[in-house]
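Novice: With this note's numbering, the residue at position 178 of the sequence shown is 255, and numbering never jumps. A virtual CB, placed ideally from N, CA and C, is assigned to each residue, including glycine.
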Amino acid sequence: MTSNVAAIGPDMPIRDVTTLMELRRFRHFPIVEDGSGGARVVGMVSDRDLRAVGSPHPSARPDVSVFDPVRLIMSTPVITAHPDDAIEDAARRLRRHRVGALPVIEDDRLVGIVSAVDLIEALAGQRAGHQPSSLLEVEVPNRPGGLLGVLGALARLDLNVASVNTTRSDADAVAFAIRLDTIDAAGVARALRDDGFTVLWPVTVDTAGVPT
């Protein structure tokens with residue numbers, strides 16, 4: 078779990094949320110609203126939600142622009158986790174609800190956030206011990222052969238794949254977490270991006286300091 082959580086308010090303009098997400102290199106923000114009972118998590122927004130705004134994507138609302146408040150595109154109800162939840166239970170919850178991250182709530186307070194990548198890292202660590210490895214998350218179109226293209230590219234880089242897990246799936250795209258027998262995840266991510274693949278993790282930085 079990541080305990081240094083960056084939460085935002087529901088009235089923040091979508092364009093400002095996008096800028097903040099790029100600067101912080103996050104993919105999800107919990108949305109917190111103050112009320113009579115204190116601050117509570119009222120929604121979640123992902124990088125995919127933000128990218129859909131103003132696009133021709135079927136899920137995009139035509140009446141929403143980047144100047145509107147993020148509450149118009151946040152996901153509700155919020156699927157949450159507790160700090161004492163078993164890793165396997167949290168992973169099943171992510172898969173069942175097809176979400177990429179869970180805010181962690183204790184005593185009605187936001188204390189952290191856990192992503193699909195966090196959970197797969199933890200599960201892989203339990204199973205693989207301390208063997209040197211690294212994790213990639215790659216998004217491909219949801220059609221036959223999408224994953225094979227990624228695996229072929231990794232084979233050409235002379236890399237062994239230890240495991241593959243689905244982190245997110247919808248009608249348009251599937252995201253896979255791929256465990257590799259290498260510690261140079263950033264180098265592999267750059268090579269895959271050069272081949273035209275969408276690498277969600279790790280985020281790398283170009284020579285100008287811009288996240289890619």
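Where does ARG102 fall in DSSP's three states?
Specialist: Of the three classes helix, strand and coil, the one that applies to ARG102 here is coil, per DSSP.
Novice: When the Cα of ASP185 is compared with those of ALA163, HIS159 and ASP261, which residue comes out closest?
Specialist: Among ALA163, HIS159 and ASP261, the Cα nearest to that of ASP185 is on HIS159.
Novice: Is the separation between the beta-carbon of ILE190 and that of VAL122 shorter than 8 Å?
Specialist: No, the pair does not count as a contact, with Cβ atoms beyond the cut-off.
Novice: Under three-state DSSP, which class holds MET111?
Specialist: The sequence given here places Asp at residue 111; Met does not occur at that position. Reduced to three states, the DSSP call for ASP111 is strand.
Novice: Flag this pair as yes or no: are the beta carbons of LEU127 and MET98 separated by less than 8 Å?
Specialist: The answer is yes: Cβ separation under 8 Å.
Novice: Quick one, are the C-beta atoms of LEU212 and ALA262 less than 8 Å apart?
Specialist: In contact: LEU212 and ALA262 (Cβ atoms closer than 8 Å).
Novice: May I ask which residues mark the beginning and end of the beta strand (DSSP E) holding VAL141?
Specialist: Unbroken run through VAL141: none, as it is neither H nor E.
Novice: Please give the ranges of any alpha helix (DSSP H) in the region 179–253, keeping only runs that are unbroken, at least 4 residues long and fully inside the region.
Specialist: With a minimum length of 4 residues, the continuous alpha helix (DSSP H) runs that stay inside the region 179–253 are 193–205 and 223–233.
Novice: Using CA coordinates, which residue listed in GLU214, THR96, VAL238 and PRO146 is at the minimum distance from THR244?
Specialist: Comparing Cα positions, the closest option is GLU214.
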